[in-house]
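Written below as structure tokens is the structure these notes are about.
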Amino acid sequence: MKQSPTIGLIGCGLMGKAMASRLIAGGAQVWGYDPQGVEGEGIEVCASLADLAGVCEWILYSLPNSKVALEVTDELLPHLTPKHAVADTTTGQPQEMEAMARTLGAHHIVYLEANVAGSSELLAQGKATLFLGGDQATLDRWDPILALLCEHRRVIGMVGAASRFKLVHNLMIGLHRAALAEGLHFASTMGFDPNEALAILKQTPACSEVMHLKGKRMVERAYEPPQARLSQHLKDVELMLQMGSEQGVELPLSQVHRMLLLKAQALGLGEADNSAIAEVYRPSKDPKG
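In short: position in the sequence shown from 1, add 4, done, that's the numbering used here.
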């Protein structure tokens with residue numbers, strides 16, 4: 005890219021701040037808008053979506069769900085022109101992502117799905133993977149910006165495909181966390197030291213990336229600061245179950261997973277790291293944060 009891009013970031017939570025840090029480190033100027041407040045070193049603050057559209061050609065969503073993304077799009081649309089390009093990292097309903105693409109496309113504004121596979125910490129380190137959904141021209145237009153975020157970028161298909169595949173990814177990684185929590189608890193009940201059990205398991209075929217990322221947090225009950233919040237994954241699991249129901253597909257493990265996440269949330273752990281699912285196996289009524 006010949007000159008430093010000016011990127012508008014809508015949503016400055018855990019993932020948004022991680023994206024901003026990568027973009028700024030890559031030489032981009034980042035303007036942020038978030039009704040909850042903008043935090044993050046080097047981010048310029050915009051007072052409104054209109055202000056953000058006025059200074060930024062590139063607009064990047066990092067929002068809680070696709071319902072919020074649709075609302076933002078409706079509010080932002082009057083301030084956009086064909087010079088703008090929108091990319092959306094939100095995990096949400098594929099049908100709603102497709103609807104946003106149609107709405108923006110009707111005004112000759114390009115829209116790209118860019119779902120993040122990995123936590124905010126992995127993204128900040130450049131180790132996450134992006135699942136991309138869009139036509140080739142849009143992919144080519146966004147590629148220099150996305151290259152600043154992470155090296156690994158996989159084109160899944162057209163808009164909607166990336167969101168669907170992100171749910172597959174999140175289903176599997178969430179179940180890995182739940183299995184790890186249950187396995188460590190099982191080891192503990194049989195008299196094995198959790199730290200020693202974790203160290204041994206890491207040297208066996210039972211190991212997964214989740215064990216390296218979340219095992220120590222579970223053993224030490226260290227859920228702050230969060231890499232990704234437990235409540236966010238509960239939202240994802242509920243979306244998976246909804247999508248499964250629409251497809252006529254049963255997801256029995258995800259149904260159990262939802263029950264465990266609801267129990268953890270009832271313990272007050274919704275804002276904690278998603279590794280806090282381990283607390284549902286503990287008898288303590290005072291979970292550690």
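Glycine is no exception: its CB is placed at the ideal position from the N, C-alpha and C atoms.
- By a beta-carbon distance limit of 8 angstroms, V76 contacts I14. Their separation comes to about 6 angstroms.
- With contacts defined as CB atoms closer than 8 angstroms, A73 and L67 qualify as a contacting pair.
- Bridge pairing for F135: N119 and R158 [DSSP].
- Contact check for R233 against E275 passes: the beta carbons are separated by less than 8 angstroms.
- Assignment of beta-bridge partners to D277 by DSSP yields R233.
- If you draw a straight line from the Cα of H189 to the Cα of L257, it is about 18 angstroms long.
- The alpha-carbon separation between E61 and Y37 amounts to approximately 14 angstroms.
- DSSP lists T10 as the beta-bridge partner residues of Q33.
- In this structure, D55 is the residue among D55, A185, P229 and I160 with its C-alpha nearest to the C-alpha of I11.
- In this structure N119 touches T93 by the C-beta definition: roughly 6 angstroms separates them, less than 8 angstroms.
- Boundaries of the alpha helix (DSSP H) harbouring A191: A165 to T193, taken from the DSSP string.
- In the DSSP assignment, D38 falls outside any alpha helix (DSSP H), carrying neither H nor E.
- A226 has its alpha-carbon roughly 21 angstroms from the corresponding atom of I204.
- DSSP places D78 inside the alpha helix (DSSP H), whose first and last residues are S70 to L80.
- For R221 and K170, the gap between their C-alpha atoms comes out near 24 angstroms.
- Of the residues assessed, S123 falls on the buried side of the cut-off, its CB having 16 or more other CB atoms within 10 angstroms.
- Under the DSSP assignment, V260 falls in the alpha helix (DSSP H) whose first and last residues are P256 to A270.
- Under DSSP, A91 takes part in a beta bridge, and its partners are L64 and L116.
- Straight-line measurement puts the Cα of L64 at about 37 angstroms from the Cα of A210.
- Looking at the DSSP output, V59 bridges to nothing.
- Within its own chain, the residues whose Cβ lies closer than 6 angstroms to the Cβ of E125, once the five positions on either side in sequence are excluded, are Q231, listed in chain order.
- Distance from the CA atom of L266 to the CA atom of Q236, rounded to whole angstroms, is 12 angstroms.
- For E43, the three-state secondary structure derived from DSSP is coil.
- Among the bridge pairs identified by DSSP, E48 is matched with W35.
- S212 sits in coil when the DSSP states are folded into three classes, being neither helix nor strand.
- Taking 8 angstroms as the cut-off, the Cβ atoms of Q97 and L245 do not count as close.
- Under the three-state reduction of DSSP output, D197 falls in the coil class, being neither helix nor strand.
- DSSP places E125 inside the alpha helix (DSSP H), whose first and last residues are S124 to A128.
- DSSP places G252 in no alpha helix (DSSP H); its state is neither H nor E.
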